[in-house]
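Q:
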Amino acid sequence: AGCGAIEAPGGTAAAGGDAASGGEFKLASRISDDVKQNKKLVIRLSYHDPSLAFASPIRQGVEKAAAELGVDAKIVGPTGGDANQQVSELQTLINQGQVHGLAVSSASSDALKPVIAQAAAAGIPIISFNTDNPGSAQMAFVGQDLEKSGESEAAELVKLVGDKKGKVVVFSVDTGAGWSHDRFTGFKRGLEGSGLEIVGPVNTGNEPSKAYNTVESTMAAQKDAVAVASLDCCSFTAAAKWIKDSGNTGKIHAVGFDVLPQTVEYLKGGVVDMTISQNPVDQGYRSVKLLVDHLRDGTPIADVDTGAVLVTEDNVDDVPVEG
Amino acid sequence: MTALQSDARPQARASASRPSGWTRLLHARESGTLSALVVLLLIGAALAPGFLSTQNFLTVGQQIAQIGIMAVGVTFVIINAEIDLSVGSIYALGAIVTGLLISDGLPWTVAALAGVLSGAAAGFLNGALTVGLGIPSFIVTLGSLSVFRGLALLLSDGSPISLSSGTPGVAEFTLLGQGRLFGVVPMQLIFLILTVLLGWVILSRTRYGFHTYAVGGSQEAARLCGIDAGRVKILAFVMSGTLAAFAGVLGLSFLSYVQGVTGTGMELTVISAVIIGGAALFGGSGTMWGTLIGVAFIGVLQNVLNLRGISSFWQTVATGAVIILAVAVDTLLRRRTRS
Amino acid sequence: MTALQSDARPQARASASRPSGWTRLLHARESGTLSALVVLLLIGAALAPGFLSTQNFLTVGQQIAQIGIMAVGVTFVIINAEIDLSVGSIYALGAIVTGLLISDGLPWTVAALAGVLSGAAAGFLNGALTVGLGIPSFIVTLGSLSVFRGLALLLSDGSPISLSSGTPGVAEFTLLGQGRLFGVVPMQLIFLILTVLLGWVILSRTRYGFHTYAVGGSQEAARLCGIDAGRVKILAFVMSGTLAAFAGVLGLSFLSYVQGVTGTGMELTVISAVIIGGAALFGGSGTMWGTLIGVAFIGVLQNVLNLRGISSFWQTVATGAVIILAVAVDTLLRRRTRS
Amino acid sequence: MAEPAVLVEGAGKSFGANRALDDVTLHAYAGELSAVMGENGAGKSTLMKILAGLQPPDQGRVVIHGEQVRRFEPAELLTRHRVALVPQELALCRERTVAENVLLGTEPGRGPFPSRALLERRTAELLAELDLDLDPRTPVGRLDLATQQLVVIARSLARRCRVLILDEPTAMLTPAESERLFTLLGRLRGSGVALLYVSHRIPEVFALADRIHVLRDGRITASWRTTETTPDEVVGAMVGRELAEEERGRWADPAAPVLARMDGLTGRGFAGVSAEVRRGEVLGVAGLPDSGRTELLRGVFGADPLTGGSLRIEGKAVTFRSPAEAIRAGVAYVPAERRQQGILPTMSVADNIGVLQLGRASRFGLLSRRRLAGDAAERARRLRVKHASGVQGIGELSGGNQQKAVIARWLSIDPRLLLLDEPTRGIDVGAKAEIYDLLGGLAADGVAIVMSSSDLPELLRVCDRIAVMREGRLAGVLSREEATEEKIMAIATGVAGGEDR
Ligand SMILES: Nc1ncnc2c1ncn2[C@@H]1O[C@H](COP(=O)(O)OP(=O)(O)OP(=O)(O)O)[C@@H](O)[C@H]1O
Ligand SMILES: Nc1ncnc2c1ncn2[C@@H]1O[C@H](COP(=O)(O)OP(=O)(O)OP(=O)(O)O)[C@@H](O)[C@H]1O
Ligand SMILES: O[C@@H]1[C@@H](O)[C@H](O)OC[C@H]1O
Ligand SMILES: [Mg+2]
Ligand SMILES: [Mg+2]
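Residue numbers (our numbering), protein chains in the order written: chain L, 1 to 323; chain F, 1001 to 1339; chain R, 2001 to 2339; chain H, 3001 to 3501.
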């Protein structure tokens, strides 16, 4: 009331709301023209923090797709993971009117909604990858079902622990992020009725030595923990390092995510029991391909589940290392 | 601050003067940065496709708004010969307080006010400790950076706070950060302009502003002129804290989302902007326009790099290099004019 | 004018003699921090289970080693009345250069040397820009913090570098950070002790050390006495860079792992330690022992909080609060002693 | 005549539009003391700094003992040409010991390791030469300013230079200390050192110098052998006009009402001070350094807390908890430390003068810059503050003009009681005379003035009465008629006990 002159982007007052239902997507005419004229397509994947170790397998996939499909595809995003800056960059790209397709992954499922809506309104095909932005104007999601992956992690852990009772300390590189929240929700569900008590999730942050120190200090106060579980690539390696250093190999169980090179070593050394791969190379590759195929051939855009492969010491040599 | 060689600033001090007319423009303290900004604009126009459009400029305006609002407060602190390293944490604190209260169902106006006031309180604490204990503000705010960050994490329990559009008041609240006046001008840009104007009036047209320069130049001399230097400094910290929290509230409104680590490291960008804008770290000089130019410089630089599709790692390199370059050019130009 | 022989200022001259023995210890510049450390140790012994064990102290020693080594370099910079905000980034740079070269199959000694030298070069750049352009080092290193961080990210292409135990030389290399002398004393602790000793000799026993205090105390006086203040400062930055990179190399050896963001924010911890240790931000004062005490203080604080099972968010709050407290106590004590 | 030890030829130096030195040519000889005199801002320090390598000249050349200076760096001048400077502004490392400061840059010892024992021994020897009883291990910051000045002099002696430059070395010394310095300079002259000496004190210069050079507006306007000139002639060359030693026009009326009365006033650095000052009276405060004069004035002004006694102004008891309260009561204070406490260093001349008039220059809470500047310009004109424009930075003015600007500021509140601490320290004869006139005029208008000074002739010239302090106590008060330099010193040093008022 009283601010009738102020409008939300796209004209609806319900900013950040379910803009997905805002209306039909209409491809920008400049994009269809460029496709017709066979111009080199420009695809940008905005990852929430390219300085994360996990960005590099995605980048590999993107590069592979770019070479294969003959398009200009790149990973962009804010070093350090500042959501504000990620939105800024996306807005700039949208305004500039030179990209033909966008894929985004966000730390928060809500933060990107307005800018996703803005892209859609500008007629730029936009999808999410790695982390979902449900309820936004995205056209599809390429990645794993995050809640389900958390649930499987928990189920595996319950098997490993057997009928021991005690605490499970959960770590995440960014407890504040949407993907972390989703995996944790699944994880809790998977642990229900097991009698295991959850401590955490504890936020480690992305800086390796700080992450290690956080694990160390947390564990100093959790002497009776029977297991640690990580919700991501990067707190997992910190937790594993602590298990190894503190002589807890074989005493404390450890499960987590992704197949970073160190994770492989820890698996082989018996320091950790299991990790879940979400096939990040494929996430990068399929995102680009989905957009390009849609633009070139009108292939309809639909969700792609990159799956969740349970990796243990036994099958570790069969899955590609991520990084 | 460091490098506060008291003997190293004989003439730097002298240049707070205000010549008039053309000479004024040319000799202004901000001229170096202004020329750097002009060069950057020319480079943008020549090399960055899509740079020269109203839409793009409005977007840049929106992007710099939060940094700019914080920089206004920090300008007061730096002219006072102090520093505030805690603004990034206060930004988070303000946003989290507001977010929690909105989620609890309080009217958004009350919630936002509470958020801003939490920043004022944090700023007051910084000021009172600095003045009361006589410890350098670099240390006080280095410590409080951690304290406020910890509080932000504790309040939010480390989880993100997302404003769901179902909650009453959220739609209105998000207009602060996402709305556009007449559907065109970003509200955040309006807030920035208002804040800068207000800051300019206070700094150049009030006794308090005058006293700020006096205290920053020489605390003892100012005190002997009957100025309550402690009060002047504390007020500067309160402004800095208030505006940082206000920026945090805008950030929350913009992203509908905040978490404990939000705003980490922001202080460095803000301080860079103020210094690029010509304020001297040893206090006693600096202007609101300079700060605005410094903020614009950082925003445009980011924009040009984004438009050129420079990778984020190169952006990190470029931002750092250009900060040094801008200040170097400014310093050299000013040295040249003098001799 | 009348010439009356009178020695006019009895009190001032008499009170100035240097105290010795116990009084000297009590009046030492570091006494405030030392007492804070003692209090902390007592609290630890009383409240933290497992605090009083050789094993625990050795662990603390190892944990503070990298911060401590960096703090030695930064002490030189701060006594020079300058600051180095870029050490966290140089830490990453040194580690990444070393990691890449080891992965490329170079002998680990060559790789480590190259890593350390990259830090020396970075430090030289900081110093040369500060001295050559006459810009405050706060700004130069604020910029270079970003530049070196970007370089670290670019060199590693954003991916982590992890030393696989299969690579030749890695086993030896990891001993630097993970090994223990006689199976007991962590190698990192040994490196810390050696670095502090070396730093102490340079600072208190060499001409260069004398000149460092002089330049920091009054650049004008130092210049007048024919001291090349620029050279003194540049050397301090080189030491700071070299030691930061060396700490990075140890970090790599310890974690067998490094990535572009490694060491982010470390500068604040290092600077806190130096300042808690009694070095004045305006230069001209500070000692190696003070720095060691400051580093130990931060390490023990962390340790006590860990042993007490304080959550990491509360730890963030506590660390900040205690930094302020330690410096406040130190300041008040010193003020009391003086009057 | 032999080849000059120092030869300056056609030297020029500008700071922006300000021509500090213009085509200066000067000779100084070994075994002689050459004095350089001139008004504030004439360019004396600039010339000395060039000779010490602190800044290069824009034009001209400098030849030392036959060798032209190629690189203007203190290191070069010190070690290659053996020129040392005692600068006008104290440059010392306050946290370090006397020994470290004295031998800074030439620390004795083996390789990179200086020997503390040697350092302290050599320093002790040098201090003995200066007749200075001082522990070489004392941190310099704990010494009073005069002793610090002596440490700087010792430092320059340590270099055993062939050319020694002293820029106003006696400004902060007691007469006794100055005498010791003069003896020493005599010895150096005897051993063939060329001495260059800057001072505003005419008697001193005439007692010491072999030659006198006068700088005016950056140019050498006159040079004499001392024996060939007179003080009047030198002053005339400096200020460009005759300067009459005028007495104060009107002395205070002993029956005038008392304006301020102190009763047993006590604070840090002084105790039990009881004194009064009448309207229209100038009360001088004399005493040795550290006798508590500065502290007393600060205490009265509310800059430092009082711990005992009472202060009455026009019969009403007052307690100033801050300078702000004193200012409201019509008390003004011109501090001794002009650079640290007097000027607002980053602000303009107009702002410096107008800082106490912000209320008057405001409308609806908003400042009018124009009113402020206009008012300040008028005040600057009345005090003849030599400046280019109101917006000029205060730091660009010469010391004397900065001081006049500070006084102009304080006069803007129309004070009833004016406190001045060393108001003419480092100020040239012309400006001094102007300040004396000003004080006389203010007194005639009924202002009560308390003025502390180390310059006894100055006190004798302007004061109605002179209070002498010793070790924080008021040791005696002399009327204008009875006061002489000898009597003041006798009371100040405790040789004679002055009866209380
Ligand atoms: N670094 C500087 N920058 C700008 N102006 C300067 C600088 N140094 C000196 N000046 C100006 O040069 C002129 C000569 O100054 P200088 O210090 O040599 O005077 P001086 O004769 O020593 O005066 P005083 O008796 O007050 O010491 C003055 O006008 C002064 O303001
Ligand atoms: N900051 C301080 N801390 C401790 N003692 C001080 C301080 N300042 C002054 N004093 C002491 O107070 C006494 C009076 O000093 P004050 O400066 O008033 O002397 P003064 O007569 O004005 O000397 P000067 O001629 O050097 O200005 C001295 O004994 C001095 O040592
Ligand atoms: O999104 C990423 C997640 O998928 C991975 O498992 O861990 C790091 C996160 O940034
Ligand atoms: Mg001079
Ligand atoms: Mg005094």
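Cβ atoms here follow ideal geometry from the backbone N, Cα and C, with glycine treated the same way.
1) Are the Cβ atoms of residue 3195 of chain H and residue 3154 of chain H separated by less than 7 Å?
2) List in chain order: all unbroken beta strand (DSSP E) runs of 3+ residues lying wholly within the stretch 3410 to 3439 of chain H.
3) Shorter than 7 Å from the beta carbon of residue 1230 of chain F to some beta carbon of chain H?
4) Quick one: using the 10 Å Cβ neighbour count with 16 as the cut-off for buried, is residue 3345 of chain H buried or exposed?
5) Please report how far the alpha carbon of residue 253 of chain L lies from the alpha carbon of residue 1312 of chain F, in whole angstroms.
6) So is residue 325 of chain L buried or exposed if we call it buried at 16+ other beta carbons inside 10 Å?
7) Considering just the uninterrupted stretch of the beta strand (DSSP E) at residue 37 of chain L, what are its terminal residues?
8) Output the residue ranges of the alpha helix (DSSP H) runs that lie fully inside the stretch 3177 to 3241 of chain H and measure 4 residues or longer, sorted by chain position.
9) Can you list, in chain order, the residues of the stretch 2152 to 2176 of chain R whose Cβ is nearer than 8 Å to any Cβ on chain L?
10) CB residue 3423 of chain H to CB residue 3331 of chain H, shorter than 7 Å?
11) Assuming residue 2037 of chain R contacts residue 2324 of chain R (C-beta within less than 8 Å), just tell me the rounded distance between them.
12) I need the straight-line Cα distance from residue 116 of chain L to residue 2281 of chain R, nearest angstrom please.
13) Please indicate yes or no: does the CB of residue 233 of chain L lie closer than 6 Å to some heavy atom of ligand 3?
14) Of the choices H:3206, H:3352, H:3084 and H:3248, whose alpha-carbon is the least far from that of residue 3230 of chain H?
15) Note down the Cα distance separating residue 3152 of chain H from residue 3119 of chain H, rounded to an integer number of angstroms.
16) Using only the heavy atoms of ligand 1, determine whether one of them is closer than 6 Å to the beta carbon of residue 3072 of chain H.
17) What number of angstroms, rounded off, separates the C-alpha of residue 3157 of chain H from the C-alpha of residue 1073 of chain F?
18) Select from the stretch 3344 to 3365 of chain H all residues with a C-beta closer than 8 Å to any C-beta belonging to chain F, and list them in chain order.
19) Give the single residue among R:2206, R:2196, R:2141 and R:2194 whose Cα lies nearest to the Cα of residue 3110 of chain H.
20) Can we count residue 3049 of chain H as close to ligand 4, meaning its CB is less than 6 Å from some heavy atom?
21) Within 7 Å (strictly less), CB to CB, does residue 2076 of chain R reach chain F?
22) Any heavy atom of ligand 7 inside 6 Å of the beta-carbon of residue 82 of chain L?
23) I'd like the list of long-range same chain contacts for residue 249 of chain L, defined as Cβ closer than 8 Å, with 5 residues on each side in sequence excluded.
24) Is residue 1182 of chain F close to chain L, meaning its C-beta is less than 7 Å from at least one C-beta of that chain?
25) Jot down the residue ranges of each uninterrupted beta strand (DSSP E) in the stretch 2065 to 2144 of chain R, minimum 3 residues, whole runs only, in chain order.
26) Restricting to Cα atoms, I'd like to know which of L:216, L:146, L:287 and L:106 is closest to residue 257 of chain L.
27) Within the 7 Å Cβ cut-off, does residue 1270 of chain F reach chain R?
28) So, residue 3038 of chain H versus residue 3225 of chain H, is the Cβ gap smaller than 7 Å?
29) Closer than 8 Å by beta-carbon distance: list the chain H residues that pair up with residue 1942 of chain R, in chain order.
30) Got a sec: is the Cβ-Cβ distance from residue 22 of chain L to anything in chain F below 7 Å?
31) Shorter than 7 Å from the beta carbon of residue 2236 of chain R to some beta carbon of chain F?
32) Would you tell me roughly how many angstroms separate the C-alpha atoms of residue 2156 of chain R and residue 160 of chain L, rounded to the nearest one?
33) Run through DSSP, which three-state label would residue 3316 of chain H get?
34) Do you know how far the Cα of residue 2247 of chain R is from the Cα of residue 1136 of chain F?
35) In angstroms with no decimal places, state the Cα-to-Cα distance between residue 2126 of chain R and residue 3367 of chain H.
36) Along the alpha helix (DSSP H) that carries residue 3351 of chain H, what are the first and last residues, could you check?
A: A quick look at the data gives this:
1) Between residue 3195 of chain H and residue 3154 of chain H, the C-beta gap is not smaller than 7 Å, which leaves the two residues out of contact.
2) The qualifying runs are 3417 to 3421.
3) Judged by the 7 Å Cβ criterion, residue 1230 of chain F is not in contact with chain H.
4) Per the 10 Å Cβ criterion, buried.
5) Just so you know, the alpha carbons of residue 253 of chain L and residue 1312 of chain F end up roughly 37 Å apart.
6) Coverage of chain L is limited to positions 1 through 323, which leaves residue 325 of chain L absent and any answer about it impossible.
7) Counting along the chain, residue 37 of chain L falls outside any beta strand (DSSP E), and DSSP gives it neither H nor E.
8) Taken in chain order, the whole alpha helix (DSSP H) runs of length 4 or more contained in the stretch 3177 to 3241 of chain H are 3202 to 3208 and 3231 to 3239.
9) Identification of residues in the stretch 2152 to 2176 of chain R having a C-beta nearer than 8 Å to some C-beta of chain L yields 2153, 2157, 2158, 2159, 2160, 2162, 2164 and 2165, given in sequence order.
10) The answer is no: Cβ separation not under 7 Å.
11) Between residue 2324 of chain R and residue 2037 of chain R the Cβ distance is about 16 Å, and since that is not below 8 Å, they are no contact.
12) Between residue 116 of chain L and residue 2281 of chain R, the C-alpha separation is close to 47 Å.
13) Yes - ligand 3 has a heavy atom lying nearer than 6 Å to the Cβ of residue 233 of chain L.
14) Nearest option by C-alpha distance: H:3206.
15) So the alpha carbons of these two residues sit roughly 16 Å apart.
16) The nearest non-hydrogen atom of ligand 1 is 6 Å or more from the C-beta of residue 3072 of chain H.
17) Rounded to whole angstroms, residue 3157 of chain H to residue 1073 of chain F spans 51 Å at the Cα level.
18) Residues passing the 8 Å Cβ filter: 3344, 3345, 3346, 3347, 3348, 3351, 3355, 3356, 3358, 3359, 3362 and 3365.
19) When each option's Cα is compared against that of residue 3110 of chain H, the closest is R:2206.
20) Outside the cutoff, so no.
21) No, because no Cβ of chain F sits closer than 7 Å to the Cβ of residue 2076 of chain R.
22) Only ligand 1, ligand 2, ligand 3, ligand 4 and ligand 5 can be found as ligands here, which leaves ligand 7 out of the picture.
23) These residues qualify, in order along the chain: 243, 269, 270 and 271.
24) Cβ-Cβ to chain L under 7 Å: yes for residue 1182 of chain F.
25) Those beta strand (DSSP E) runs which fall completely within the stretch 2065 to 2144 of chain R and span 3+ residues do not exist here.
26) Of the candidates L:216, L:146, L:287 and L:106, the one whose C-alpha sits nearest the C-alpha of residue 257 of chain L is L:146.
27) Cβ-Cβ to chain R under 7 Å: no for residue 1270 of chain F.
28) At the C-beta level, residue 3038 of chain H and residue 3225 of chain H stay beyond 7 Å of one another.
29) As shown, chain R starts at 2001 and ends at 2339. That puts residue 1942 of chain R outside it, with no answer to give.
30) Note that residue 22 of chain L scores 48 on pLDDT, short of 50, meaning its location in the model is unreliable; the coordinates nonetheless yield the value given after this. Taking Cβ atoms only, chain F never reaches closer than 7 Å to residue 22 of chain L, which makes this a no.
31) Using a Cβ-Cβ cut-off of 7 Å, residue 2236 of chain R does not count as an interface residue toward chain F, since no Cβ of chain F sits closer than that to its own.
32) Computed Cα separation, rounded: 36 Å.
33) Three-state DSSP puts residue 3316 of chain H in a strand.
34) In this structure, the CA atom of residue 1136 of chain F is about 28 Å from the CA atom of residue 2247 of chain R.
35) Their Cα atoms are separated by approximately 43 Å.
36) Residue 3351 of chain H: member of the alpha helix (DSSP H) spanning 3349 to 3354, first to last residue.
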